Amino acid sequence: MTRAFEDLLAEGQSVPVEGWDFSWFAGRATEGRPPWAYARLLAERLSSTPDVLDLQTGGGEVLAGALSSAAAAPGTVCATESWSPNATLATRRLDPWHAVVVEAPDAGPIPFDSNAFHSVVSRHPTVTIWPEIARVLAPGGTYLSQQVGNGTVRELTEAMIGPYDIGDARVPARLAAEAEAAGLDVVDLQVASMPMTFDDIAAVVVFLRKVIWIVPDFTVERYHDQLRRLHDRIVADGPFRATSERFLIECRKPA
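Every letter in the sequence shown is one number past the one before it in our numbering, and letter 242, counting from 1, is 244.
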């Protein structure tokens, strides 16, 4: 029996959205994974660096997972996060590694000294400030990042707001050119498109509350009519399908 629309909305509004733990979506939504396996790459890098800075760490979930998997943890672990609830979560989650978590705006400046880190990492940053990354990297240091690609989950955005111009802010080649303009050498750039599905409207609501850049002004009240139409579509046709865009970029600061 199909659950009532308003019940699903209420469930979607009740789910906590702090941090980057997506385990709630099991059985409600799916997303393909990029072939490069960022978590594995990160664990490998952490095993061979004396220090690391994770930019926009969220609740520290990804960094903590990689630290737990690494053959050896860096002696110095630092992270930044702009949202206070996430910074609190990250401080607690990364405490086993005596991490320093600093609340700082995503758009910079990065609150650490120049040439301070041999490894800077970031998964799904909202913005990448290349001159600041180049500044805090030590000579020979590397930046590794999995980023959200241009037009990701466009189908869902358009279901809420209609057709829109996706621009080129997240085109991988543009980001690579910006990195090089900041004095970094791009040593790896990979792109992947993966299928996504949403099995019910509660999953859509939680996703839009959690991943705020998909529909920046999203609230259930503001988009009630669009959610109703999408719910009816899912009931009639099955899971809503979209495409997730990701790219991996790795850069090195010249020695």
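The beta carbon of each residue, even a glycine, is placed where N, CA and C say it ideally should be. As the structure is a prediction and not an experimental result, all values here were calculated from the model.
Span separating the alpha-carbon of residue 214 from that of residue 220: Taking the first residue of the sequence shown as 1, we reach residue 214 at position 212. Taking the first residue of the sequence shown as 1, we reach residue 220 at position 218. Straight-line Cα distance between these residues: approximately 7 Å.
Residues sharing a beta bridge with residue 32, DSSP: By 1-based counting over the sequence shown, the position of residue 32 is 30. In the DSSP output, where bridge partners are listed per residue, residue 32 has 199.
Extent of the continuous alpha helix (DSSP H) run through residue 235: Translated into positions along the sequence shown, residue 235 becomes position 233. Element bounds for residue 235: 226-239.
For residue 60 and residue 22, believed in contact at Cβ under 8 Å, the rounded distance: Residue mapping note: residue 22 aligns to position 20 of the sequence shown, counting from 1. Residue mapping note: residue 60 aligns to position 58 of the sequence shown, counting from 1. Right, the Cβ-Cβ distance comes to about 4 Å (below 8 Å), so this counts as a contact.
Boundaries of the beta strand (DSSP E) in which residue 174 is found, first to last residue: Locating residue 174 in the sequence shown gives position 172, where the first residue counts as 1. For residue 174, there is no enclosing beta strand (DSSP E); the residue is part of the alpha helix (DSSP H) that begins and ends at 174-183.
Beta-carbon separation (whole angstroms), residue 243 vs residue 197, contact threshold 8 Å: Within the sequence shown, residue 243 is the residue found at index 241, counting from 1. Within the sequence shown, residue 197 is the residue found at index 195, counting from 1. The C-beta separation of residue 243 from residue 197 comes to about 7 Å, placing the pair in contact by the 8 Å criterion.
Nearest neighbour of residue 97, chosen from 70, 117 and 86 [CA to CA]: Looking up residue 97 in the sequence shown gives position 95. The option with the nearest alpha carbon to residue 97 is 70.
Alpha-carbon to alpha-carbon, residue 223 and residue 51: Looking up residue 51 in the sequence shown gives position 49. Looking up residue 223 in the sequence shown gives position 221. Rounded to the nearest angstrom, the gap between the Cα atoms of residue 51 and residue 223 is 47 Å.
Distance, residue 28 Cα to residue 3 Cα: For the purposes of this step, residue 3 is identified with residue 1 of the sequence shown, where counting begins at 1. For the purposes of this step, residue 28 is identified with residue 26 of the sequence shown, where counting begins at 1. Summary for residue 3: the model assigns pLDDT 47, below 50, so the residue's position carries little reliability; its value from the coordinates is reported in the next sentence. Here the C-alpha atom of residue 3 lies approximately 20 Å from the C-alpha atom of residue 28.
Buried/exposed call for residue 137, threshold 16 Cβ in 10 Å: Taking the sequence shown and counting its residues from 1, one reaches residue 137 at position 135. Answer is buried; the Cβ neighbour count reaches 16.
Buried versus exposed call for residue 62 [16 or more other C-beta atoms within 10 Å across all chains shown]: On the sequence shown, position 60 is the one that residue 62 refers to. Here residue 62 is buried: its Cβ has 16 or more other Cβ atoms, across all protein chains shown, within 10 Å.
Burial state of residue 147, where buried means 16 or more other Cβ atoms lie within 10 Å: The residue labelled residue 147 in the question sits at position 145 within the sequence shown. Around the beta carbon of residue 147, 16 or more other beta carbons lie within 10 angstroms, which makes this residue buried.
Cβ-Cβ distance between residue 152 and residue 247 below 8 Å: Along the sequence shown, one-based indexing puts residue 152 at 150. Along the sequence shown, one-based indexing puts residue 247 at 245. Yes, the Cβ-Cβ distance between residue 152 and residue 247 is below 8 Å.
Three-pair Cβ contact test at 8 Å for the region 33-44 versus the region 191-207: With three or more CB-CB distances shorter than 8 Å, the region 33-44 counts as touching the region 191-207.
Inter-stretch contact at 8 Å, needing at least 3 Cβ pairs: the region 198-207 / the region 104-115: Taking 8 Å as the limit for Cβ pairs, the verdict is that the region 104-115 does not touch the region 198-207.
Length of the line joining the Cα atoms of residue 128 and residue 8: Residue mapping note: residue 128 aligns to position 126 of the sequence shown, counting from 1. Residue mapping note: residue 8 aligns to position 6 of the sequence shown, counting from 1. Distance between the alpha carbons of residue 128 and residue 8 is about 31 Å.
Contact under 8 Å by Cβ, residue 87 with residue 20: Indexing the sequence shown from 1 puts residue 87 at position 85. Indexing the sequence shown from 1 puts residue 20 at position 18. In contact: residue 87 and residue 20 (Cβ atoms closer than 8 Å).
Completely contained alpha helix (DSSP H) runs for the region 13-68, where each covers 4 or more residues: Taking only runs of at least 4 residues, the alpha helix (DSSP H) segments lying wholly in the region 13-68 are 40-48.
Counted within 10 angstroms of its Cβ, other Cβ atoms place residue 226 as buried (16 or more) or exposed: Walking along the sequence shown from the start, residue 226 turns up at place 224. Of the other Cβ atoms in all chains shown, fewer than 16 fall within 10 Å of the Cβ of residue 226; this residue is therefore exposed.
Whole-angstrom distance between residue 217 and residue 163, CA atom to CA atom: Your numbering for residue 163 matches position 161 in the sequence shown. Your numbering for residue 217 matches position 215 in the sequence shown. Between the C-alpha atoms of residue 163 and residue 217 there is a straight-line separation of about 8 Å.
Beta-carbon gap between residue 254 and residue 177 smaller than 8 Å: Counting from 1 along the sequence shown, the entry for residue 254 is found at position 252. Counting from 1 along the sequence shown, the entry for residue 177 is found at position 175. Residue 177 sits away from residue 254, with the two beta carbons spaced by 8 Å or more.
Nearest-angstrom beta carbon gap, residue 82 and residue 106 [assumed within contact, 8 Å]: The residue you call residue 106 lines up with position 104 of the sequence shown. The residue you call residue 82 lines up with position 80 of the sequence shown. Confirmed, about 4 Å.
Residues bridged to residue 112 (per DSSP): Mapped onto the sequence shown, residue 112 falls at position 110. When beta bridges are read from the DSSP output, residue 112 appears opposite no residue.
Segments assigned alpha helix (DSSP H), at least 4 residues, entirely inside the region 68-148: Restricted to the region 68-148, the alpha helix (DSSP H) segments that are unbroken, complete and at least 4 residues in length are 86-95 and 132-138, listed in chain order.
7 Å Cβ shell around residue 13 - same chain, five flanking residues per side excluded: As a working note, residue 13 is residue 11 in the sequence shown. The residues are 204.
Presumed contact (8 Å Cβ cut-off) between residue 1 and residue 57, rounded CB distance: With the chain covering 3 to 257 only, the question about residue 1 has no answer from this structure.
Which of helix, strand or coil DSSP assigns to residue 154: Residue 154 sits at position 152 when you count from the first residue of the sequence shown. It is coil, neither helix nor strand.
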